[in-house]
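In this text, residue positions in the sequence shown follow the working numbering: the first is 77, and each later residue adds one.
We put the CB at the ideal spot given by N, CA and C, even for glycine.
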Amino acid sequence: MNKPLQIGVTGGIGSGKSIVCRVFAMLGAPVYYADERAKWLTEHDPILKADITRVLGAQAYDSLGKYNRSWVASQVFAEPLLLEQLNAVIHPRVFADTARWVSEHADKPYVIKEAALMRAAGDGNSLHKVIVVQAPAPIRIDRIRVRDPHRSAEEIQHIIDRQVSDEARLRMADYVLLNDESQLLLPQIVRLHEEFSRASMM
């Protein structure tokens, strides 16, 4: 198997995927935050900026060169074709950035790629395995309300409903980490860390 192993981590809002990634990082695994990196590339990758401007026009960036996120969202919200065109220029640049990042960590047994949206391992990506972080909706809602008290339970439930369903995530999962407060999360992560470390030596 190629080194390093590429492990995807995904989960719905409030599931705890960010905590899982922080623990993997503490165990020595490099973590690539795909969603944050994509945001960074829209403002700092000159090729991507030119492509986005070609697709959406000059208004995609403000006078200071900052990505006009709210304007872009308003343009693609009701235009699936335009959204498809935008994704068609963003995804290859993120993919290339990911490949470069992975090559920089070729000395590591495995790396973690975190993203809210993910496909099964090998389904148009370079992932070897996918971890899904799972927690019941009521617990997720409580967690989000603690960190963001301005949001109502109904508002948070609406966000959950718009995301990929738990069932769809479980269908792509090679591993499931249960973060439901009925069992310890850390031992589950350590077991996977040990498995990935061993597998990379085979």
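Counting every other CB atom within 10 Å of its CB across the protein chains shown gives HIS226 a total below 16, marking it as exposed.
Note that the stretch 103–118 touches the stretch 183–203; at least 3 beta-carbon pairs, one per stretch, sit closer than 8 Å.
Taking 8 Å as the upper bound for CB-CB distance, GLY90 and ARG219 are in contact here, some 5 Å apart. Per the coordinates, the alpha-carbon of GLU155 lies some 10 Å from the alpha-carbon of ALA149.
Spanning the alpha carbons of VAL85 and ALA101 requires a straight line of approximately 12 Å. The C-beta of ARG238 has fewer than 16 other C-beta atoms within 10 Å across all chains shown, which makes the residue exposed.
The C-alpha of ARG113 is placed about 15 Å away from the C-alpha of VAL165.
Secondary structure of LEU159 (DSSP, three-state): helix.
It is roughly 32 Å from the alpha-carbon of HIS234 to the alpha-carbon of GLN82. Check the Cα spacing between ARG245 and each of ARG130, VAL131, ILE207: the tightest is with ILE207.
Apart from the 5 residues on each side of it in sequence, VAL96 sits with its Cβ closer than 7 Å to the Cβ of VAL85, VAL209, LEU253, ILE265 in its chain, given in chain order. For VAL170, the three-state secondary structure derived from DSSP is helix. Non-local C-beta neighbours of SER202 in its own chain, meaning closer than 6 Å and more than five positions away in sequence, comprise GLN82, ordered along the chain.
Assignment of GLU190 by DSSP, reduced to helix, strand and coil, places it in the strand class. Taking ASP173 as reference, the option from VAL131, ASP111, GLU271 with the minimal CA-CA separation is ASP111. In the three-state reduction of the DSSP assignment, LEU262 falls in the helix class. Inside the stretch 201–276, DSSP marks whole alpha helix (DSSP H) runs of 4 or more residues at positions 213–223, 229–238, 242–248, 261–275, from first to last along the chain. In terms of CA proximity to SER258, ILE215 leads the group ARG145, ARG98, ILE215.
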